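Novice:
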Amino acid sequence: MEFCPKCGAVLIEKRKNYGCPRCTYSAKGKTKICTSEKINEKREVAVISDKAVEVNPIVEKPCKKCKNRHAYFWTMQTRSSDEAETKFFKCTKCEFMWREYR
121 MEFCPKCGAV LIEKRKNYGC PRCTYSAKGK TKICTSEKIN EKREVAVISD
171 KAVEVNPIVE KPCKKCKNRH AYFWTMQTRS SDEAETKFFK CTKCEFMWRE
221 YR
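When we follow my numbering, the leftmost residue of the sequence shown carries the number 121, and every step to the right adds one.
1) Excluding sequence positions up to five away, which residues of its chain have a Cβ less than 7 angstroms from the Cβ of Met196?
2) My guess is that Lys126 and Tyr138 are in contact by the Cβ rule of under 8 angstroms, so how many angstroms apart are they, rounded?
3) Skipping 5 residues on each side, what residues in its chain have a beta carbon closer than 7 angstroms to that of Thr212?
4) Comparing C-alpha positions only, which one of Asn160, Cys124, Ile159, Glu164 sits nearest to Ala147?
5) Quick one: what's Val130 bridged to in DSSP?
6) Return helix, strand or coil for Phe216, following the three-state DSSP convention.
7) Between the Cα of Lys181 and the Cα atoms of Phe216, Ser201, Ala166, Val167, which residue gives the shortest distance?
8) If we ignore side chains and look at the alpha-carbon of each, how far apart do Lys136 and Val167 end up?
9) Buried or exposed for Cys183, going by 16 or more other Cβ atoms inside 10 Å?
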């Protein structure tokens, strides 16, 4: 890879030879541009199961099945965009799920 001695830009291939894309400099001989990269380190991808970590916030909402007072909470757009989003709850004890529409 060669650089322009006038402005420092990388020389690109023109019709007959290589030249600078910024200024009028052109190289007299042809130059071969070759790049390579070697990656030796391979990292393992960490896999987290759904049951290992619950990342939703916990709110005080009584479970309809076991009457536990705490539940995980998240929202999702289940209908058209002009409608309100749906609230989902999941009991922290029995994992019963329910939803509320507003």
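Heads up, the beta-carbon is just placed ideally off N, CA and C, and yes, glycines get one too.
Predicted model, so just to flag it, every value in this text is computed and none were measured.
Specialist: Quick look at the numbers:
1) Glu205, Thr206, Phe208
2) Actually they are not in contact, since the Cβ atoms of Lys126 and Tyr138 sit about 14 angstroms apart, beyond 8 angstroms.
3) Ile178, Asn188, His190, Ala191, Tyr192
4) Cys124
5) Phe123
6) coil
7) Looking at the Cα atoms, Phe216 is the closest of the given residues.
8) 54 angstroms
9) Under this definition Cys183 is a buried residue.
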